[in-house]
Amino acid sequence: MAAYMMLQSLADMPDPSVLDDPDFALLDSVVKETLRLSILPSTVRQVLHDTTIIGGNGQEYRIYKGEGVLVDVRGMHLDSDYFPDPESFKADRFTNIKGYGEHNGMKTLVPWGGGMYMCKGRTFAQHMIKMFLIMCFHLYDIDMHPKSSPPAASSAKSISVVRPDSALKIRLRKRQL
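Count the sequence shown with the working numbering and you get residues 6 to 182, in order.
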């Protein structure tokens with residue numbers, strides 16, 4: 006709701022291009038938080054050399070060169086050790102965090118993948134998402150329909166993006182500019 010109110014107040018600005026700034030902290034945080042909660046990525050990597058890893062329970066696991074390892078990114082994005090109250094949308098969660106957040110040197114928000122496999126179009130995609138939001142709030146008054154409430158997210162019928170259990174109804178009115 007804080008992000009909505011902030012963007013709604015900015016909608017009164019005559020030229021939204023003044024907001025086209027990668028350091029626009031709250032909007033950047035809203036985009037990151039949305040990505041954290043809405044994607045269901047898993048990534049498979051090939052083990053480069055025999056190694057032993059230690060699980061959260063202290064048990065050792067031996068993995069061998071050439072084997073595939075599946076990383077549960079969604080599990081990390083919803084881990085309360087990294088993100089307090091992980092199921093809740095917090096618009097300002099990333100405002101005081103540079104980049105994508107780290108925990109003991111480990112990146113904990115990886116919606117675009119990582120390393121050499123990181124999405125090459127991520128910067129462009131984020132820029133377009135931000136501009137879309139800015140333009141929407143500049144051109145339209147947007148609010149939730151009075152008979153609607155935010156739907157619960159359900160990953161049961163999702164593959165790569167969390168799909169809500171029901172639709173969110175909104176009211177969209179063109180602004181008089």
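Every residue, glycine too, gets a C-beta built ideally from N, C-alpha and C.
>> Extract the residue ranges of the alpha helix (DSSP H) inside the segment 27 to 87, only unbroken runs of 4 or more that lie entirely within it.
In response: Every alpha helix (DSSP H) of 4 residues or more that sits fully in the segment 27 to 87 is shown, in chain order, as 30 to 43, 78 to 82.
> Is it a yes or a no for the segment 70 to 79 touching the segment 46 to 58, going by three-plus beta-carbon pairs under 8 Å?
Replying inline: Verdict: yes, contact present.
> Three-state secondary structure (DSSP) at MET112?
Replying inline: Stepping through the sequence shown from its first residue, residue 112 is reached at position 107. The sequence given here has Lys at residue 112, not Met. Reduced to three states, the DSSP call for LYS112 is strand.
> Roughly how many angstroms separate the alpha carbons of GLY60 and PHE29, rounded to a whole number?
Replying inline: Translated into the one-based positions of the sequence shown, residue 60 becomes position 55. Translated into the one-based positions of the sequence shown, residue 29 becomes position 24. Taking the straight line from one Cα to the other gives about 38 Å.
>> Would THR113 and PHE88 be called neighbours here (beta carbons separated by less than 9 Å)?
In response: Counted from its first residue, the sequence shown places residue 113 at position 108. Counted from its first residue, the sequence shown places residue 88 at position 83. Yes, the Cβ-Cβ distance between THR113 and PHE88 is below 9 Å.
> By DSSP, does ILE147 sit in helix, in strand, or in coil?
Replying inline: Residue numbering aside, residue 147 sits at position 142 when the sequence shown is read from its first letter. Of the three classes helix, strand and coil, the one that applies to ILE147 here is strand, per DSSP.
> Between LEU42 and PHE99, which are expected to be in contact by the criterion C-beta below 8 Å, what is the C-beta distance as a whole number of angstroms?
Replying inline: Residue 42 sits at position 37 when you count from the first residue of the sequence shown. Residue 99 sits at position 94 when you count from the first residue of the sequence shown. Rounded, the Cβ-Cβ distance is 12 Å, inconsistent with contact.
> If you run the structure through DSSP and keep just helix, strand and coil, what is LEU182?
Replying inline: Position 177 of the sequence shown, counted from the start, is the residue given in the question as residue 182. Correct three-state label for LEU182: coil.
> Of the residues VAL74, SER34, LEU177, ASP84, which one's Cα is nearest the Cα of ILE102?
Replying inline: Walking along the sequence shown from the start, residue 102 turns up at place 97. SER34 is the residue among VAL74, SER34, LEU177, ASP84 whose C-alpha sits nearest the C-alpha of ILE102.
> Alpha carbon to alpha carbon, what distance is there between THR39 and ALA130?
Replying inline: Locating residue 130 in the sequence shown gives position 125, counting from the first residue. Locating residue 39 in the sequence shown gives position 34, counting from the first residue. Answer to the nearest angstrom: the Cα atoms are 13 Å apart.
> GLU65 and THR56 look like a contact to me (Cβ under 8 Å); what is the Cβ gap, rounded to whole Å?
Replying inline: In the sequence shown, the residue the question calls residue 65 occupies position 60. In the sequence shown, the residue the question calls residue 56 occupies position 51. The C-beta separation of GLU65 from THR56 comes to about 10 Å, leaving the pair out of contact by the 8 Å criterion.
> Between ASP146 and ARG180, is the Cβ-Cβ spacing less than 9 Å?
Replying inline: Taking the first residue of the sequence shown as 1, we reach residue 146 at position 141. Taking the first residue of the sequence shown as 1, we reach residue 180 at position 175. The answer is yes: Cβ separation under 9 Å.
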